[in-house]
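What follows is a single structure, written as structure tokens, with notes after it.
Residue numbers (my numbering): 2 to 327.
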């Protein structure tokens with residue numbers, strides 16, 4: 002279902018949630034909305050109940066549109082994000098760059114923005130040896146891409162980089178759904194034109210619980226995106242002990258140690274290929290994978306959750322709750 006198709010149903014969603022609240026005699030101290038759709042539902046409920054609203058956008062429509070790549074985000078989304086940015090009691094931005102974008106694009110108040118990065122679960126993502134054949138892959142080195150399949154992700158740049166690398170190296174692409182079939186077809190055609198048919202594999206969607214083994218099995222994860230608000234896959238791969246090559250997007254500068262745990266590159270196929278080559282020249286061993294994993298240990302969800310909870314308490318203290326009814 003297209004996300005925009007949900008918008009007309011937000012009113013009904015809020016009505017049902019209010020019915021649930023009344024029926025169960027519940028009161029809330031704060032609403033936390035993720036993404037603009039949930040944020041708009043949260044805005045309505047916060048006004049009904051007289052409680053503060055905290056929003057985390059994850060991506061910003063205005064920034065996506067600025068690149069002019071792929072589908073244009075509708076005015077409805079941009080207007081909703083602007084309203085939320087100016088009216089909610091706190092915005093959680095995943096990076097300093099996102100904070101600047103919120104101020105620049107939507108004129109959000111700087112003092113209402115707290116920068117707290119996303120986290121990773123170290124009990125789920127950690128280094129260990131895996132059997133590639135058990136994952137349905139041949140027992141050879143491969144480069145991994147994981148994420149949505151859309152032009153803004155820059156996957157075409159990665160496929161072009163593969164043409165510059167050793168013929169024995171393969172690319173495994175994880176992600177995609179029915180709505181991304183057009184982009185998948187375009188990327189398949191590009192691979193055919195470059196003679197990479199047998200070196201590029203599209204696996205489709207993989208359950209999140211199975212992703213750690215794919216990260217561990219990969220020689221390198223590549224994030225060739227034009228835009229990311231954070232870049233969760235890079236953090237998950239590093240926690241799993243796999244080096245990352247990424248464009249300078251999201252939180253990459255804070256999670257990648259240049260030349261040690263990966264590379265931040267300019268996004269050209271040549272720079273992607275050079276960085277992959279350099280990382281492949283360093284043979285993997287337990288000491289190296291452990292070092293890569295430890296480099297992001299401070300970003301465990303346990304640590305991040307404490308920061309978010311602390312910020313929510315600040316918001317509640319700043320605005321006394323007056324749980325009312327409509």
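Built from N, CA and C at the ideal position, the CB exists for glycine as well.
Just so you know, these numbers come straight off a predicted model, no measurement behind them.
By the criterion of at least three beta-carbon pairs nearer than 8 Å, the segment 256-269 is not in contact with the segment 184-193.
A residue is called buried when at least 16 other Cβ atoms come within 10 angstroms of its Cβ; residue 259 does not meet this threshold and is exposed. Sequence-distant partners of residue 220 (beyond 5 residues in either direction) whose C-beta falls short of 7 Å from its own C-beta, in its chain, are 142, 143, 144 and 281. In the three-state scheme derived from DSSP, where H, G and I count as helix and E and B as strand, residue 59 is classed as coil. A straight line joining the alpha-carbon of residue 293 with that of residue 127 spans about 10 Å. Here residue 198 is exposed, its C-beta having fewer than 16 other C-beta atoms within 10 Å.
Within 10 angstroms of the beta-carbon of residue 310 lie fewer than 16 other beta-carbons, which makes it exposed.
Using a Cβ distance threshold of 7 Å, residue 121 and residue 236 count as a contacting pair. For the pair residue 73 and residue 66, the CB atoms are nearer than the 7 Å cut-off. Every unbroken stretch of the beta strand (DSSP E) spanning 3 or more residues and falling wholly within the segment 168-251 is given here in chain order: 171-175, 201-205, 221-224 and 245-248. Annotation: residue 15 to residue 257 spans about 41 Å, alpha carbon to alpha carbon. According to DSSP, residue 10 shares a beta bridge with no other residue.
Nearest in C-alpha terms to residue 167, of all of 31, 232, 277 and 135, is 277. For residue 260, no alpha helix (DSSP H) encloses it, and the DSSP letter there is neither H nor E.
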